[in-house]
Amino acid sequence: MTKHCTRLLTVALTLWAVSRMAAQNGIRFEHDMLLADALKKAQTEGKLVFMDAYTTWCGPCKMMASKVFTDSSAGAFFNQRFVNLKVDMEKGEG
């Protein structure tokens, strides 16, 4: 691998890691959980369920995921009060 490719890969991995850390400050979503399981978990924890019903092609969904759901104040509010479920409405249970 050339120096240029190595540097490009390093930058890409760094950007990916930073974006993952920013997302952890926001709302923490359950991705592979069924709604019935989320409801049981919420009942056990004394919380409600917040469900992000999205599609991969939806522009507003992408904006919410990148701008709103990653916000630390949104994460502080939702993570304390809700079991947060993210469901692709064109797959599986969606």
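In terms of the numbering used here, the sequence shown has 75 at position 69, counting the first letter as 1, and numbering is strictly consecutive. Backbone N, C-alpha and C define an ideal beta-carbon position, used for all residues, glycine too.
Burial state of residue 83 is exposed, judged by a 10 Å Cβ sphere holding fewer than 16 other Cβ atoms.
Residue 47 carries a helical assignment under DSSP once its states are collapsed to helix, strand and coil. Between residue 44 and residue 36, the C-beta gap is smaller than 8 Å, which places the two residues in contact.
The three-state reading of DSSP puts residue 75 in coil, since its state is none of H, G, I, E or B. If you compare the alpha carbons of 58, 98 and 81 with that of residue 31, the shortest gap goes to 81. If you draw a 10 Å sphere on the C-beta of residue 93, you find 16 or more other C-beta atoms in it, and that means buried.
Residue range 54 to 60 is occupied by the beta strand (DSSP E) that includes residue 57.
Counting along the chain, residue 92 sits inside the beta strand (DSSP E) bounded by residues 88 to 94.
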